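Residue numbers (UniProt numbering): 1 to 135.
A virtual CB, placed ideally from N, CA and C, is assigned to each residue, including glycine.
Bear in mind that the values here come from a model prediction, so they are computed numbers and not experimental data.
Here's the structure we're looking at; comments come further down.
Here's what the structure looks like:
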């Protein structure tokens, strides 16, 4: 991976750890993602994140996200990608409460792989009326 990619996934890992500690839900992240798709103005999105964090008590996660977005001068496409991956990680890590020892993306991946199958028991998609899986 390139230095920029390593940095991206390192920061994604650090923020998912904060989000888990803050008890941030994937639905709260989804609200941020949805809002990001409705605007091209980064500052408007940043204000939305600030507001939502005060309503949802995930201030430390919001501060870390905003700091990363601001310091890396990310554009809206990069920000949306980051928030989308954060949401997916939160969904993937549901049921894995303990992230001690996780320092980077590789150790997060190892934590997921080594988690017991009991931790990760989730239905395999939702059946729609036609019997096909929806995702």
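Terminal residues of the alpha helix (DSSP H) in which residue i lies
i, result
"residue 106", "105-114"
"residue 136", "No answer is possible for residue 136: the residues shown for the chain start at 1 and end at 135."
"residue 70", "59-71"
"residue 81", "76-92"
"residue 33", "26-37"
Reduced DSSP category for residue i - H, G, I as helix; E, B as strand; rest coil
i, result
"residue 6", "helix"
"residue 100", "coil"
"residue 23", "coil"
Buried versus exposed call for residue i [16 or more other C-beta atoms within 10 Å across all chains shown]
i, result
"residue 79", "buried"
"residue 37", "exposed"
"residue 136", "Only positions 1 to 135 of the chain appear in this structure, which leaves residue 136 out of reach."
"residue 5", "exposed"
"residue 59", "exposed"
"residue 61", "buried"
Requested in this report: Report yes or no: do the segment 2-22 and the segment 92-109 share at least 3 C-beta pairs separated by less than 8 Å?
Outcome: yes
Query raised in the report: Per the contact definition of three or more C-beta pairs closer than 8 Å, is the segment 41-50 in contact with the segment 86-100?
Result: no
Query raised in the report: Do three or more CB pairs link the segment 66-73 to the segment 16-30 at distances below 8 Å?
Result: no
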